[in-house]
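Q:
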Amino acid sequence: MSTPHAHVPGPSWTTSPLLGVDTETTGVDPRTDRVVSAALVHRDGVVTEVRTWLVDPGVEIPEAATAVHGITTAHARERGQDPVTALEQVAAQLHEASAEGVPVVAFNASYDLDILEAELARNGLRTLRERLGHDVGPVIDPFVLDRALDPERPGPRTLGATCAVYGVLDPDGERAASLHAADVDVIATLDLLAAMAARFPHLAALDVPALERLQDETRRAWAQRRAEAAAERAQAARTSGGTSASADPTV
1 MSTPHAHVPG
11 PSWTTSPLLG
21 VDTETTGVDP
31 RTDRVVSAAL
41 VHRDGVVTEV
51 RTWLVDPGVE
61 IPEAATAVHG
71 ITTAHARERG
81 QDPVTALEQV
91 AAQLHEASAE
101 GVPVVAFNAS
111 YDLDILEAEL
121 ARNGLRTLRE
131 RLGHDVGPVI
141 DPFVLDRALD
151 PERPGPRTLG
161 ATCAVYGVLD
171 PDGERAASLH
181 AADVDVIATL
191 DLLAAMAARF
201 PHLAALDVPA
211 LERLQDETRR
221 AWAQRRAEAA
231 AERAQAARTS
241 GGTSASADPT
251 V
């Protein structure tokens with residue numbers, strides 16, 4: 001008579017391969033703005049491999065965007081790759097990782113993945129959804145996980161601010177000053193995810209599907225909170241006969 005085998009959990013995602021991604025762009029609208037740089041960072045345990053792209057977006061880079069990431073129109077035109085070549089290379093690596101089940105890690109991942117999809121379509125390339133038959137995934141997003149783990153913490157939740165909370169970088173240090181370079185941001189994001197797992201062991205104990213469910217639940221709760229806050233502001237405006245600010249109360 002045979003006895004059932006005990007379930008042996010697989011290796012933790014914290015020690016498995018991860019692929020970090022970040023983009024720097026001409027603006028904040030993923031539907032219309034363009035990628036000017038991108039970075040992919042493969043991390044397998046302690047080994048980190050970095051690949052970066054500088055892209056000529058074919059349009060002027062606004063001064064406000066240059067003030068964030070430091071890339072000027074002249075520099076992108078002189079040194080950047082054409083977007084078709086660069087975007088195809090980025091997409092090929094993301095496709096390969098997703099096809100193999102390697103988690104893609106990004107801070108506020110929806111922005112980077114949405115703008116990459118829009119840019120691929122704009123340049124006549126197959127989108128990642130078309131290549132995979134589904135959305136890129138699994139995706140691990142420390143921006144969302146931080147809201148799940150510490151929802152009531154006041155203050156900003158930018159990459160720099162969140163890294164400072166978890167001790168990943170000194171907010172006044174040289175590394176913090178280098179944020180908004182795509183490769184620096186990806187490495188900081190991967191380091192942040194590791195620090196979050198160390199601070200919250202139950203996070204490290206989850207498998208990747210459970211992480212994705214937690215992220216989905218957090219997004220839904222966040223959206224509900226924003227909707228309720230907007231309704232309260234609208235009601236207050238009607239009561240006072242004035243208008244209300246539309247600032248996001250969750251940031």
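With full-length UniProt numbering, the residue at position 149 of the sequence shown is 149, and numbering never jumps. C-beta atoms are modelled at their ideal positions from N, C-alpha and C, and glycine is treated no differently.
So which of Leu87, Val59, Glu88 and Val68 has the shortest CA-CA distance to Ala74?
A: Taking the sequence shown and counting its residues from 1, one reaches residue 74 at position 74. Of the candidates Leu87, Val59, Glu88 and Val68, the one whose C-alpha sits nearest the C-alpha of Ala74 is Val59.
Q: Grouping DSSP H, G and I as helix and E and B as strand, with all else coil, what is Asp22?
A: The sequence position of residue 22 within the sequence shown is 22, counting from 1. Asp22 falls in the strand class under three-state DSSP.
Q: Measuring only between beta-carbons, confirm whether Glu100 sits less than 8 Å from chain B.
A: Annotation note: the requested chain B is absent from the structure, which comprises a single protein chain.
Q: Three Cβ pairs or more, each shorter than 8 Å: is that satisfied between the stretch 151–164 and the stretch 122–136?
A: Cβ pair count under 8 Å is below three, so no.
Q: With 16 as the cutoff for other CB atoms within 10 Å, does Ala67 come out buried or exposed?
A: Translated into positions along the sequence shown, residue 67 becomes position 67. Under this definition Ala67 is an exposed residue.
Q: If the criterion is Cβ atoms closer than 8 Å, does the pair Glu119 and Arg34 meet it?
A: Along the sequence shown, read from residue 1 onward, the residue named residue 119 stands at position 119. Along the sequence shown, read from residue 1 onward, the residue named residue 34 stands at position 34. Going by C-beta atoms, Glu119 is nearer than 8 Å to Arg34.
Q: If you run the structure through DSSP and keep just helix, strand and coil, what is Thr52?
A: Your numbering for residue 52 matches position 52 in the sequence shown. Reduced to three states, the DSSP call for Thr52 is strand.
Q: How many angstroms separate the CA atom of Trp13 from the CA atom of Thr85?
A: Locating residue 13 in the sequence shown gives position 13, counting from the first residue. Locating residue 85 in the sequence shown gives position 85, counting from the first residue. Distance between the alpha carbons of Trp13 and Thr85: 32 Å.
Q: Are there 16 or more other CB atoms within 10 angstroms of the CB of Gly20, so buried, or fewer, so exposed?
A: As a working mapping, residue 20 is identified with position 20 in the sequence shown. So Gly20 ends up on the buried side.
Q: Which residue from Arg199, Pro142, Pro154 and Arg225 puts its Cα closest to that of Ala188?
A: As a position in the sequence shown, residue 188 is number 188, starting the count at 1. Per the Cα distances, Pro142.
Q: Suppose only complete runs of 3+ residues qualify. What are the beta strand (DSSP E) ranges in the stretch 206–240, listed by chain order?
A: DSSP runs (the beta strand (DSSP E)) wholly in the stretch 206–240: none.
Q: Scan the stretch 137–171 and note each continuous alpha helix (DSSP H) run of 4 residues or more that stays entirely inside, going in chain order.
A: If we require 4 residues or more, the alpha helix (DSSP H) runs fully inside the stretch 137–171 come out as 142–149 and 159–165.
Q: Tell me whether the beta-carbon of Ala39 lies closer than 8 Å to the beta-carbon of Asp183.
A: Sequence index remark: in the sequence shown, residue 39 carries index 39 (1-based). Sequence index remark: in the sequence shown, residue 183 carries index 183 (1-based). Taking 8 Å as the Cβ cut-off, Ala39 and Asp183 qualify as a contacting pair.
Q: Decide if Thr239 is buried, meaning its Cβ has at least 16 other Cβ atoms within 10 Å, or exposed.
A: Position 239 of the sequence shown, counting from 1, holds the residue named residue 239. Thr239 should be labelled exposed.
Q: Secondary structure at Arg31, three-state DSSP: helix, strand or coil?
A: Taking the sequence shown and counting its residues from 1, one reaches residue 31 at position 31. Looking at Arg31 - three-state DSSP - the assignment turns out to be coil, as it is neither helix nor strand.
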